[in-house]
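Using my numbering, you'd call the opening residue of the sequence shown number 329 and step up by one each time.
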Amino acid sequence: MIETPYYLIDKAKLTRNMERIAHVREKSGAKALLALKCFATWSVFDLMRDYMDGTTSSSLFEVRLGRERFGKETHAYSVAYGDNEIDEVVSHADKIIFNSISQLERFADKAAGIARGLRLNPQVSSSSFDLADPARPFSRLGEWDVPKVERVMDRINGFMIHNNCENKDFGLFDRILGEIEERFGALIARVDWVSLGGGIHFTGDDYPVDAFSARLRAFSDRYGVQIYLEPGEASITKSTTLEVTVLDTLYNGKNLAIVDSSIEAHMLDLLIYRETAKVLPNEGSHSYMICGTSCLAGDVFGEFRFAEELKVGDRISFQDAAGYTMVKKNWFNGVKMPAIAIRELDGSVRTVREFTYADYEQSLS
Ligand SMILES: Cc1ncc(COP(=O)(O)O)c(C=O)c1O
Numbered sequence: 329m330i331e332t333p334y335y336l337i338d339k340a341k342l343t344r345n346m347e348r349i350a351h352v353r354e355k356s357g358a359k360a361l362l363a364l365k366c367f368a369t370w371s372v373f374d375l376m377r378d379y380m381d382g383t384t385s386s387s388l389f390e391v392r393l394g395r396e397r398f399g400k401e402t403h404a405y406s407v408a409y410g411d412n413e414i415d416e417v418v419s420h421a422d423k424i425i426f427n428s429i430s431q432l433e434r435f436a437d438k439a440a441g442i443a444r445g446l447r448l449n450p451q452v453s454s455s456s457f458d459l460a461d462p463a464r465p466f467s468r469l470g471e472w473d474v475p476k477v478e479r480v481m482d483r484i485n486g487f488m489i490h491n492n493c494e495n496k497d498f499g500l501f502d503r504i505l506g507e508i509e510e511r512f513g514a515l516i517a518r519v520d521w522v523s524l525g526g527g528i529h530f531t532g533d534d535y536p537v538d539a540f541s542a543r544l545r546a547f548s549d550r551y552g553v554q555i556y557l558e559p560g561e562a563s564i565t566k567s568t569t570l571e572v573t574v575l576d577t578l579y580n581g582k583n584l585a586i587v588d589s590s591i592e593a594h595m596l597d598l599l600i601y602r603e604t605a606k607v608l609p610n611e612g613s614h615s616y617m618i619c620g621t622s623c624l625a626g627d628v629f630g631e632f633r634f635a636e637e638l639k640v641g642d643r644i645s646f647q648d649a650a651g652y653t654m655v656k657k658n659w660f661n662g663v664k665m666p667a668i669a670i671r672e673l674d675g676s677v678r679t680v681r682e683f684t685y686a687d688y689e690q691s692l693s
């Protein structure tokens with residue numbers, strides 16, 4: 329048995345998402361780039377590479393990882409690049425997308441050897457969560473003023489628009505795309521490619537993938553553009569668990585169980601977005617609040633039901649633990665960092681990375 333805590337990536341479950349992505353690529357003609365900000369565990373890129381067209385990035389290090397570990401088509405994007413990194417970014421990328429006209433003007437010449445694009449902000453999104461809403465008031469994420477963009481059209485041949493957030497609703501996607509067309513249609517007709525970003529949960533069980541694919545194909549035919557999708561969460565959803573062990577139990581008005589992990593260190597989005605982890609089947613007569621081992625008072629994974637009383641040494645699996653977890657894990661409190669393990673297609677499990685005291689020490693100085 330592998331010592332906890334560890335993330336366990338199940339290749340069979342990952343393949344299910346990959347097959348849906350491949351289906352949409354084939355039906356729609358769109359290309360799919362893995363968004364490394366969400367998931368960058370390169371040990372499973374050998375599998376993902378066969379189903380996806382490449383990667384997209386948020387920084388110099390991500391674009392380099394995409395080029396070196398995934399290969400295929402590599403897109404560079406960042407909210408802002410520094411003078412000291414632009415040459416290296418360009419050396420790793422097939423396309424570079426600038427977040428603002430001023431970044432485009434600053435670096436257009438340095439990026440003259442690769443395709444250049446600009447991020448547009450349509451000022452509408454599917455997100456109601458202010459923190460994650462790219463279209464929030466005064467957003468710095470992309471340009472929205474059409475006359476200003478028209479003045480730089482000679483320096484770009486593509487656009488990126490990311491304004492979907494955890495959007496499971498095809499009707500909503502369709503409506504928002506319609507608004508984008510109304511606002512930016514004339515500009516889009518003048519470029520060769522458009523990336524529609526991530527945040528579209530099209531690998532979900534009930535998502536109408538054929539209607540989605542038809543909508544993408546119609547868009548690309550109407551404007552004569554190659555569409556790109558940048559699925560992060562949709563690529564890896566439900567493929568991975570975080571495996572933990574109960575270290576202690578106590579009763580403080582509720583049954584509490586403390587496990588050898590922490591939301592702040594290992595599943596940070598639960599804390600940021602005030603969500604709870606998922607445990608299956610979450611049934612039985614024993615209810616427990618499962619708590620992390622950091623000092624943060626609110627380090628709570630959630631309240632779940634179990635068939636039996638929990639005792640020290642019991643193991644718990646938190647579901648759906650691939651997206652924005654391994655890329656955000658940190659050494660807060662010096663809590664042991666989860667190892668990374670892979671369940672291969674033949675069912676065997678191998679550990680691909682373990683973190684030790686030396687890693688903790690070396691992360692500081
Ligand atoms: C530009 C861009 N592309 C892709 C993504 C991936 O989004 P998701 O993981 O929700 O699919 C994000 C997420 O923030 C993003 O900002």
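Even glycine gets a Cβ: it sits at the ideal position worked out from N, Cα and C.
- Restricting attention to A460, A436, V474 and H490, the CA atom closest to the CA of R447 is found in H490.
- With respect to the C-alpha of L544, the residue from A368, E603, L557 and T565 having the closest C-alpha is L557.
- At a Cβ-Cβ threshold of 8 Å, W521 and G486 count as neighbours.
- Per DSSP, the continuous alpha helix (DSSP H) segment holding E689 begins and ends at Y685 to Q690.
- Cβ atoms of V680 and I670 come within 8 Å of each other, at about 6 Å.
- Taking C-beta separations shorter than 7 Å and ignoring five residues to either side along the sequence, the partners of V537 in its chain run R348, H351, V352 and F530, following chain order.
- Beta-carbon to beta-carbon, A404 and I555 are separated by about 18 Å, too far to satisfy the 8 Å threshold.
- Put simply, of V391, V587 and S567 the residue whose alpha carbon is nearest the alpha carbon of L673 is S567.
- At a threshold of 7 Å, Y601 does not count as near ligand 1, since its beta carbon sits no closer than that to any of the ligand's heavy atoms.
- Under DSSP, S406 forms a beta bridge with F426.
- In this structure, N345 and A585 do not form a Cβ contact; the two beta carbons are roughly 31 Å apart against a cut-off of 8 Å.
- Shown here, N661 sits in a helix according to DSSP, grouped into three states.
- A straight-line Cα-Cα distance of about 16 Å links A649 and S371.
- Beta-carbon to beta-carbon, A463 and V452 are separated by about 6 Å, close enough to satisfy the 8 Å threshold.
- DSSP, reduced to helix, strand and coil, places I668 within a strand of the structure shown.
- DSSP lists K423 as the bridge partner or partners of A443.
- Within the chosen limit of 7 Å, ligand 1 does not reach the beta carbon of H403 with any heavy atom.
- The straight-line gap separating the alpha-carbon atoms of T343 and L375 is approximately 8 Å.
- In this structure, ligand 1 has a non-hydrogen atom nearer than 7 Å to the beta-carbon of A363.
- Per DSSP, V391 lies in no beta strand (DSSP E) segment; the continuous alpha helix (DSSP H) that holds it begins and ends at L388 to L393.
- With respect to I424, I442 sits close: the two C-beta atoms are nearer than 8 Å.
- For S548, the closest of E509, A436, N427 and Y579 by C-alpha to C-alpha distance is E509.
- For the pair A360 and G532, the Cα-to-Cα distance works out to about 16 Å.
- A distance below 6 Å between beta-carbons, with the five flanking residues on each side excluded, links E637 to the following residues of its chain, in chain order: H614.
- Residue M595 holds the alpha-carbon nearest to the alpha-carbon of Y334 among W472, M595 and R468.
- In terms of Cα proximity to Y616, the closest of N580, N658 and V477 is N580.
- For I644, there is no enclosing alpha helix (DSSP H); the residue is part of the beta strand (DSSP E) that begins and ends at R643 to F646.
- In this structure N492 does not touch I516 by the C-beta definition: roughly 17 Å separates them, more than the 8 Å allowed.
- Taking a contact as a CB-CB distance under 8 Å, the pair L362 and P559 counts as one, their CB atoms being some 7 Å apart.
- The beta carbon of K341 sits closer than 7 Å to the beta carbons of K566 and S567 from its chain, once the five residues preceding and following it are set aside; these are given in chain order.
- In terms of Cβ geometry, Y688 and W659 form a close pair [threshold 8 Å].
- Spanning the alpha carbons of F435 and P465 requires a straight line of approximately 27 Å.
- Counted as a single uninterrupted DSSP element, the beta strand (DSSP E) harbouring L361 occupies residues K359 to A363.
- Under DSSP, G382 forms a beta bridge with L361 and E401.
- The C-alpha of T402 is placed about 25 Å away from the C-alpha of L505.
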